[in-house]
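**Student:** Here it is, the structure in full.
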Amino acid sequence: MKKLIFAFVFSLFLGINHLWAQSADKIEMADTMRANGKIYVVVAVLSIVLLGILIYLILIDRKITKLEREMK
Amino acid sequence: MKWWKIMTIILLFYTLIGGFLLPVPRLAIVNESIRNLYFHVPMWFGMIIILAISVYYALRYLRQPTELNDLYAVESANVGILLGILGIVTGMVWAQYTWGTYWHGDPKQNASAIALLIYLAYSVLRNSLEDAQQRAKVSAVYNVFAFATLIPLLFILPRLTDSMHPGNGGNPGFNSYDLDSTMRMVFYPAVIAWTLLGWWIVTLRVRWRVLQNRVNENALKVESSLLA
Numbered sequence: 001m002k003k004l005i006f007a008f009v010f011s012l013f014l015g016i017n018h019l020w021a022q023s024a025d026k027i028e029m030a031d032t033m034r035a036n037g038k039i040y041v042v043v044a045v046l047s048i049v050l051l052g053i054l055i056y057l058i059l060i061d062r063k064i065t066k067l068e069r070e071m072k
Numbered sequence: 073m074k075w076w077k078i079m080t081i082i083l084l085f086y087t088l089i090g091g092f093l094l095p096v097p098r099l100a101i102v103n104e105s106i107r108n109l110y111f112h113v114p115m116w117f118g119m120i121i122i123l124a125i126s127v128y129y130a131l132r133y134l135r136q137p138t139e140l141n142d143l144y145a146v147e148s149a150n151v152g153i154l155l156g157i158l159g160i161v162t163g164m165v166w167a168q169y170t171w172g173t174y175w176h177g178d179p180k181q182n183a184s185a186i187a188l189l190i191y192l193a194y195s196v197l198r199n200s201l202e203d204a205q206q207r208a209k210v211s212a213v214y215n216v217f218a219f220a221t222l223i224p225l226l227f228i229l230p231r232l233t234d235s236m237h238p239g240n241g242g243n244p245g246f247n248s249y250d251l252d253s254t255m256r257m258v259f260y261p262a263v264i265a266w267t268l269l270g271w272w273i274v275t276l277r278v279r280w281r282v283l284q285n286r287v288n289e290n291a292l293k294v295e296s297s298l299l300a
């Protein structure tokens, strides 16, 4: 069951490579931000925030597990 | 750590990195803000799934009144409300930039506000009852009715009138645009990621409440043994 769910979820990522090509037309997008690489700054900052929140969540999880063991 | 928690973390990072860096269709009006699809919409999908779990546990409680069934029902409802609030607030920000106002009065916007109020009333109802068993039973019944009103409010009524939301009121859904398969590759994992994160929080809250109940029970035992 676990393996099946994992396989299903990661199959959603397949086929990334051939979709990079993008037709440029007149619609305004954040192309400059991408060209000069500033977008990576945004992604880095958000990743750090997400990482921090997830570490906090894991620490709470561990603390509860410890208490559960003590209560038994 | 459980396997699904590791999957949650991987999928969240994939959502964030893929959501910002993978290509998206170039569309007028929404422009780059189309990437909100990976963050705003999963709040609602997550809310629906978590609230469905909540009503499942409410029904289980009505058949088999146990502490855990009640705790899962109420904590799922709480996380569902949290996701709903995040959904409505992120939607307002997005609406300001694409529709021109924070509150457009769009049927789906109004309906989701009503749905949230119905679920907030669930919390009010629960907290207004003193007796634990009565509280659990009454809120379980209310939960079923709340979920039953959620479905027409979010899925049926907005489709019957003019709505600015994609896929409603004759508007095409996002999936009918070009290059939709790239967006789906981030969108589906994003829905799973945010829903699992919500479920993780539910389990933490339930485990914490169980511990709290044990502590209270032990305190009561000590108290009664002292009185005897």
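Quick note, the sequences are listed as chains A and B, same order. Under this note's numbering, the first residue of the first sequence is numbered 1, with each subsequent residue one higher. Under this note's numbering, the first residue of the second sequence is numbered 73, with each subsequent residue one higher. Where is the CB? At the ideal position from N, CA and C, for every residue including glycine. Computed from a predicted model, the values in this text were never measured in an experiment.
Please determine, among 36(A), 43(A), 30(A) and 26(A), the residue with the shortest C-alpha to C-alpha distance to residue 90(B).
**Tutor:** Of the listed residues, the one whose Cα sits closest to residue 90(B) is 43(A).
**Student:** When we look at the beta-carbon of residue 48(A) and count the other beta-carbons within 10 Å, is it buried (16 or more) or exposed?
**Tutor:** Exposed, by the Cβ-count rule.
**Student:** Report the rounded CA-to-CA distance for residue 222(B) versus residue 32(A), giving the unit in angstroms.
**Tutor:** The alpha-carbon atoms of residue 222(B) and residue 32(A) are separated by roughly 42 Å.
**Student:** Does DSSP put residue 1(A) in a helix, in a strand, or in coil?
**Tutor:** Residue state, collapsed to three classes: coil.
**Student:** Tell me, please, whether the CB atom of residue 207(B) is closer than 8 Å to any CB atom in chain A?
**Tutor:** Answer no: the Cβ-Cβ gap between residue 207(B) and chain A never drops below 8 Å.
**Student:** Comparing alpha-carbon positions, which option in 219(B), 101(B), 234(B) and 126(B) lies nearest residue 178(B)?
**Tutor:** Here the closest residue by C-alpha is 234(B).
**Student:** Mind checking residue 75(B): buried by the 16 CB within 10 Å criterion, or exposed?
**Tutor:** Exposed: under 16 other Cβ atoms inside 10 Å.
**Student:** Tell me whether the segment 150–165 of chain B and the segment 261–278 of chain B touch, counting them as touching only if at least three CB pairs, one residue from each stretch, are closer than 8 Å.
**Tutor:** Yes, since at least three Cβ pairs between the segment 150–165 of chain B and the segment 261–278 of chain B fall closer than 8 Å, the two stretches touch.
**Student:** So if I threshold CB-CB distances at 7 Å, which residues from the segment 27–49 of chain A count as touching chain B?
**Tutor:** Those would be 27, 28, 29, 30, 39, 42, 43, 46 and 47, in chain order.
**Student:** Assign residue 142(B) to one of two classes, buried (16 or more other C-beta atoms within 10 Å of its C-beta) or exposed (fewer than that).
**Tutor:** Buried, since its Cβ has 16 or more Cβ neighbours within 10 Å.
**Student:** Using a Cβ-Cβ cut-off of less than 7 Å, list which residues of the segment 90–105 of chain B approach chain A; keep chain order.
**Tutor:** Those residues of the segment 90–105 of chain B that come within reach of chain A (Cβ to Cβ, closer than 7 Å) are 92, 93, 95, 98, 99, 100, 103 and 104.
**Student:** Which whole-angstrom value is the C-beta distance of residue 283(B) and residue 68(A), which I expect to be below 8 Å?
**Tutor:** The Cβ separation is near 7 Å, so the contact holds.
**Student:** Among residues of its own chain, excluding the 5 on either side of residue 129(B), which ones have a beta-carbon nearer than 6 Å to its beta-carbon?
**Tutor:** Same-chain partners within the cutoff: 141, 144 and 145.
**Student:** Hey, does residue 132(B) have any beta-carbon neighbour from chain A nearer than 8 Å?
**Tutor:** Not one chain A Cβ lies under 8 Å of residue 132(B).
**Student:** According to the neighbour-count rule (16 or more other Cβ atoms, all chains shown, within 10 Å of its Cβ), is residue 18(A) buried or exposed?
**Tutor:** Model confidence at residue 18(A) stands at a pLDDT of 41, short of 50, so the residue's coordinates are unreliable and nothing is read from them.
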